[in-house]
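Remarks on the structure that follows.
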Amino acid sequence: MKLHFSTSEHKEAKLRYAQLTSQYGQTKIQNATHIVALGGDGHMLHVLQDTLSFGLPVFGMNCGRLGFLMNHYADSNLQGRLAAAETAPLHPLRMSATAKDGKTHEALAINEVSLIRQTHNAAHLAISVNDKQQMECLVCDGILLATPAGSTAYNLSAHGPIIPLDGGLMALTPISAFRPRRWRGALLSDHSKVVLDVLENDFRPVSASADSLEIRHVTRVAIEQASDITLKLLYDPGFSLSERATQEQFLS
């Protein structure tokens, strides 16, 4: 078992990185069998994005403030934990965003793709699912499409539903919807293709973000699951994403 450690800029994570690399060594990622991410959820997302081409399983240990995607930190028996870990396979979202200048930008999102108004003017968005228009105009601060893993992040803060990891669904959730006021979003099959058109985009500019990557002044955003890409997150037995997603629904 050959370990490659990655650390966030958090002071505690850097201290633990020094301790763990001294204890277990540091393997170049090209020769590693596992990646160990030290930090919080934000660092885990960066690691998954940056190491996608290597196809390695990633085991996160929490050294930050938020750690829904992470395991608890312990420096002992790390290789034993990795050998016993359960795998949570995840498919990211593939975003294709067309900007006002006509350029198309593609990116992957592990948590969500979100559209947010750039000025004081509310966004006006048309929503199509599988080439059929479902809403002519949503007046809102924004909207997001979340994966099951991302349903407990920004989606939950926007009062969207928590999705079981194996639910085969995505959550389309409005952010501060003004019209129609009672629309709370939709649960869509993970085989769906969602297209969001920005209406009056000169007067009502909107940005699109795939996790932390932001594209400004978008006119159209197409989103679908990247079924050809599988990310492998590792979790201690009894501490899986599915179990925590269930528990999250019973918290006050």
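When we follow this note's numbering, the leftmost residue of the sequence shown carries the number 18, and every step to the right adds one.
Positions of the beta carbon are idealized from the N, C-alpha and C atoms, including for glycine.
Just so it is clear, the structure is predicted and the values come from calculations on it, not from any experiment.
Relative to the alpha-carbon of R237, which residue among S131, D207, E265 has its alpha-carbon at the smallest distance?
Walking along the sequence shown from the start, residue 237 turns up at place 220. Residue S131 is the option with its Cα nearest to R237.
Looking at the secondary structure, which residues open and close the beta strand (DSSP E) in which R134 lies?
Stepping through the sequence shown from its first residue, residue 134 is reached at position 117. Where R134 is concerned, the enclosing beta strand (DSSP E) stretches over 129 to 134.
Residue(s) in a DSSP beta bridge with P191
The count along the sequence shown starts at 1 and reaches residue 191 at position 174. Partner(s): I160.
Looking only at its chain, what residues have a beta carbon closer than 6 Å to the beta carbon of E123, apart from the 5 residues adjacent to it on each side?
Here residue 123 refers to the residue found at position 106 when the sequence shown is read from its first residue. Same-chain partners within the cutoff: S113.
Would you mind listing the alpha helix (DSSP H) stretches within the region 37 to 77 that are 4+ residues and don't spill past its ends, in chain order?
58 to 67
State buried or exposed for N79, treating a residue as buried only when at least 16 other CB atoms are found within 10 Å of its CB.
Within the sequence shown, numbered from 1, the residue matching residue 79 stands at position 62. Result: buried.
If contact is defined by three or more beta carbon pairs under 8 Å, each pair taking one atom from either stretch, is the region 187 to 203 in contact with the region 162 to 175?
yes
Meets three-Cβ-pair contact criterion under 8 Å: the region 217 to 236 and the region 131 to 146:
yes
Cβ neighbour criterion (16 or more within 10 Å) applied to E26:
Working through the sequence shown from its first residue, we reach residue 26 at position 9. Exposed: under 16 other Cβ atoms inside 10 Å.
Option nearest L230 by Cα separation, candidates Q150, F256, I127
To locate residue 230, count along the sequence shown from 1; it is residue 213. Checked all of Q150, F256, I127; the closest Cα to L230 is I127.
Mapping DSSP to helix, strand and coil, what is T247?
Against the sequence shown, residue 247 aligns to sequence position 230. Correct three-state label for T247: coil.
Within 10 Å of its beta-carbon, does L125 have 16 or more other beta-carbons around it, so buried, or fewer, so exposed?
Stepping through the sequence shown from its first residue, residue 125 is reached at position 108. L125 should be labelled buried.
Do you know offhand how far E260's Cα is from Y252's?
Residue numbering aside, residue 260 sits at position 243 when the sequence shown is read from its first letter. Residue numbering aside, residue 252 sits at position 235 when the sequence shown is read from its first letter. Whole-angstrom Cα-Cα distance: 11 Å.
Counting only the same chain and skipping the five closest in sequence on each side, list residues whose C-beta sits under 7 Å from that of F71.
Along the sequence shown, one-based indexing puts residue 71 at 54. Closer than 7 Å at Cβ, skipping near neighbours: I46.
So the candidates are S193, S244, H60; which of them puts its Cα closest to the Cα of K31?
As a working mapping, residue 31 is identified with position 14 in the sequence shown. Out of S193, S244, H60, H60 has the C-alpha closest to the C-alpha of K31.
Please report the residue range of the alpha helix (DSSP H) in which Q264 lies.
Indexing the sequence shown from 1 puts residue 264 at position 247. Its alpha helix (DSSP H) spans residues 258 to 265.
Suppose the cutoff is 7 Å on Cβ atoms and the five residues either side in sequence are ignored; what does the same chain contact list for G77 look like?
By 1-based counting over the sequence shown, the position of residue 77 is 60. Counting only Cβ-Cβ distances below 7 Å, and skipping sequence neighbours, we find A54, M61, L86, M87, N88.
Distance, R196 Cα to E265 Cα:
Indexing the sequence shown from 1 puts residue 265 at position 248. Indexing the sequence shown from 1 puts residue 196 at position 179. Going by the C-alpha atoms only, they are around 29 Å apart.
On the CB-based measure, 16 or more other CB atoms within 10 Å of its CB, does F256 come out buried or exposed?
Sequence index remark: in the sequence shown, residue 256 carries index 239 (1-based). F256 should be labelled exposed.
Please confirm if G59 has its CB atom under 8 Å from at least one CB of chain B.
In the structure shown, chain B does not exist; there is a single protein chain.
In three-state terms, what does DSSP make of Y252?
Walking along the sequence shown from the start, residue 252 turns up at place 235. Three-state result, Y252: strand.
Unbroken beta strand (DSSP E) run spanning L268, endpoints:
Position 251 of the sequence shown, counted from the start, is the residue given in the question as residue 268. Taken as a continuous stretch (DSSP letters only), L268 belongs to no beta strand (DSSP E), as it is neither H nor E.
N138 - DSSP class collapsed to helix/strand/coil:
Numbered from its first residue, the sequence shown carries residue 138 at position 121. Secondary structure of N138 (DSSP, three-state): coil.
Let me know the secondary structure DSSP gives L86 once reduced to three states.
Here residue 86 is taken as the residue at index 69 of the sequence shown, counted from 1. In this structure, L86 counts as coil in the three-state DSSP scheme.
Helix, strand or coil for K28 per DSSP?
Mapped onto the sequence shown, residue 28 falls at position 11. The answer is helix: DSSP assigns K28 an H, G or I state.
Three-state secondary structure (DSSP) at L182?
Residue numbering aside, residue 182 sits at position 165 when the sequence shown is read from its first letter. DSSP, reduced to helix, strand and coil, places L182 outside both helices and strands of the structure shown, so it counts as coil.
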